[in-house]
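Chemist: I have a structure I would like to understand better, so I am pasting it below and will then ask my questions one at a time.
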Amino acid sequence: MDHPLSPRGAFSPPGGPPSADSPDRPVRRAPKPGSFRLVVVDVDGTLLDPSREVTADVREVVATAIRKGVMFTIATGRLVRSALHVAEQAGITVPVIANGGAIIADPLSRRYLRAYKLPGGTAEVLEATRGEDVLRYLFLGDEIFIEREDPASAAYSRSLGVPMEIVPDLGTHFRALTAAEGRYAGEEATMVVLRAPVEKVPALREKYRGIFKGRLMVTSTMPHFVDFMPPEATKAEALRELCEILGVGLDETIAIGDGINDLDMMKEAGLGVLVANASPTLWADADYVTSAPYHLGVAEVLHKFIS
173 MDHPLSPRGA
183 FSPPGGPPSA
193 DSPDRPVRRA
203 PKPGSFRLVV
213 VDVDGTLLDP
223 SREVTADVRE
233 VVATAIRKGV
243 MFTIATGRLV
253 RSALHVAEQA
263 GITVPVIANG
273 GAIIADPLSR
283 RYLRAYKLPG
293 GTAEVLEATR
303 GEDVLRYLFL
313 GDEIFIERED
323 PASAAYSRSL
333 GVPMEIVPDL
343 GTHFRALTAA
353 EGRYAGEEAT
363 MVVLRAPVEK
373 VPALREKYRG
383 IFKGRLMVTS
393 TMPHFVDFMP
403 PEATKAEALR
413 ELCEILGVGL
423 DETIAIGDGI
433 NDLDMMKEAG
443 LGVLVANASP
453 TLWADADYVT
463 SAPYHLGVAE
473 VLHKFIS
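With positions in the sequence shown counted from 1, the corresponding number in my numbering is that position plus 172.
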């Protein structure tokens, strides 16, 4: 009998759902159920569906993991403030990975266990991206700054639970805030994000990877984002550090995601999983692809791989 939270056939990704015996469905490793102690899950597009709501079903997924005796946490590109809010709503008490891997924070004490910022490159990123036909977001401290009102930004703000302040120019505002008398004197941003049409993102991402190669990480936490992050801010690096904190082996972890910024974490883990709503172009990079999307896919993994 299928797990009640993962009905087969409830969702068909482009090209149809990958069946368990399909040669196109990657299952490179088939560990014994019960060999895992930690499950780390991306938030937007994986644990949460497009509504971005922590529903009763999402809370039940977390509770199921806890009942099975495994630790469960999230790894997200969201600000730590938003990540901790999701953790609180979902019943997660294990340290969370936020800001795309730049921060590990304890939901109980709110203490940072790992924290990185852009290594002196904020002003350069803001100058380099000036004039691009995109929406720009500056993440500084626990605040987000934007240059114009936009329905997409308003929705993004609501989903994160973090208000956004509109300023005339991000570069000018950043210099003022980080000047000697500013409230973020001498600080750097945690990240800068560009929002663009999905079809333009790959070219933008490659353009800025070329400009900032070796100095900053340029990735996409969502299909319509280009994210500029500290080079240490990868989910894989954060997963390694989290395992050390928790005393868990990497081979005892399951990492579940839906996007390209989840792939490094998935490859680092004992089992790397993509949920069914992930792009089929990424399936070959997974050890397992679920037949159900979003939190239903996460529940499927718990049912299949955790005894």
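Ideal placement from N, C-alpha and C gives every residue a C-beta, glycine not left out.
I'd like to know whether the C-beta of F477 is nearer than 8 Å to at least one C-beta of chain C.
Modeler: This model lacks chain C altogether, as it is built from one protein chain only.
Chemist: Could you work out which residue in V461, T393 and F400 is closest to K385 when comparing CA atoms only?
Modeler: That would be F400, whose Cα lies nearest to the Cα of K385.
Chemist: Based on Cα-Cα distance, which residue from S463, I338 and V297 lies nearest to M363?
Modeler: Comparing Cα-Cα distances from M363 to each of S463, I338 and V297, the minimum goes to V297.
Chemist: For a test of the three-state rule: what should DSSP assign to H467, helix, strand or coil?
Modeler: Three-state DSSP puts H467 in a helix.
Chemist: Could you name the residues of the same chain whose beta carbon sits closer than 6 Å to that of T391, not counting the 5 residues immediately before and after it, in chain order?
Modeler: Excluding sequence neighbours, T391 sits near D399 and N433.
Chemist: Please classify P186: is it buried, with 16 or more other beta-carbons within 10 angstroms of its beta-carbon, or exposed?
Modeler: For P186, the pLDDT reaches just 37, beneath the cut-off of 50, and the residue's location in the model is therefore unreliable, leaving the point undetermined.
Chemist: What do you reckon, are the CB atoms on G444 and A464 nearer than 8 Å?
Modeler: No, Cβ-Cβ distance for G444 and A464 is not below 8 Å.
Chemist: Does DSSP classify E315 as helix, strand or coil?
Modeler: Strand.
Chemist: Where does the unbroken beta strand (DSSP E) through M243 begin, and where does it stop?
Modeler: Where M243 is concerned, the enclosing beta strand (DSSP E) stretches over M243 to A247.
Chemist: Please report the distance separating the alpha-carbon of D459 from that of F311.
Modeler: Between D459 and F311, the C-alpha separation is close to 33 Å.
Chemist: So what's E472 in DSSP terms, helix, strand or just coil?
Modeler: It is helical.
Chemist: Helix, strand or coil for T462, going by three-state DSSP, please let me know.
Modeler: If DSSP states are grouped into helix, strand and coil, T462 belongs with coil.
Chemist: Would A262 be called buried (16 or more neighbouring beta carbons within 10 Å of its own) or exposed?
Modeler: Buried: at least 16 other Cβ atoms inside 10 Å.
Chemist: Per the DSSP calculation, F397 is bridged to which residue(s)?
Modeler: In the DSSP output, where bridge partners are listed per residue, F397 has R367.
Chemist: Where does L290 fall in DSSP's three states?
Modeler: The answer is coil: DSSP assigns L290 none of H, G, I, E or B.
Chemist: Near D193, what residues of its chain come up, given a Cβ to Cβ distance below 7 Å and the 5 sequence neighbours on each side ignored?
Modeler: Residue confidence for D193 is low, a pLDDT of 41 falling below 50, so the modelled location carries little weight; the figure read from the coordinates is stated next. Around D193: no qualifying Cβ.
Chemist: Any idea if P335 is buried or exposed, counting beta-carbon neighbours within 10 angstroms, 16 or more meaning buried?
Modeler: Exposed: under 16 other Cβ atoms inside 10 Å.
Chemist: Quick one: is the Cβ of T248 within less than 7 Å of any heavy atom of the ligand COA?
Modeler: With respect to the ligand COA, the structure offers nothing, as it holds no ligand at all.
Chemist: Is L280 buried or exposed, if buried means 16 or more other CB atoms sit within 10 Å of its CB?
Modeler: Exposed, since its Cβ has fewer than 16 Cβ neighbours within 10 Å.
Chemist: If you draw a straight line from the alpha carbon of I238 to that of T301, how long is it in whole angstroms?
Modeler: Each residue's Cα considered, the two are about 44 Å apart.
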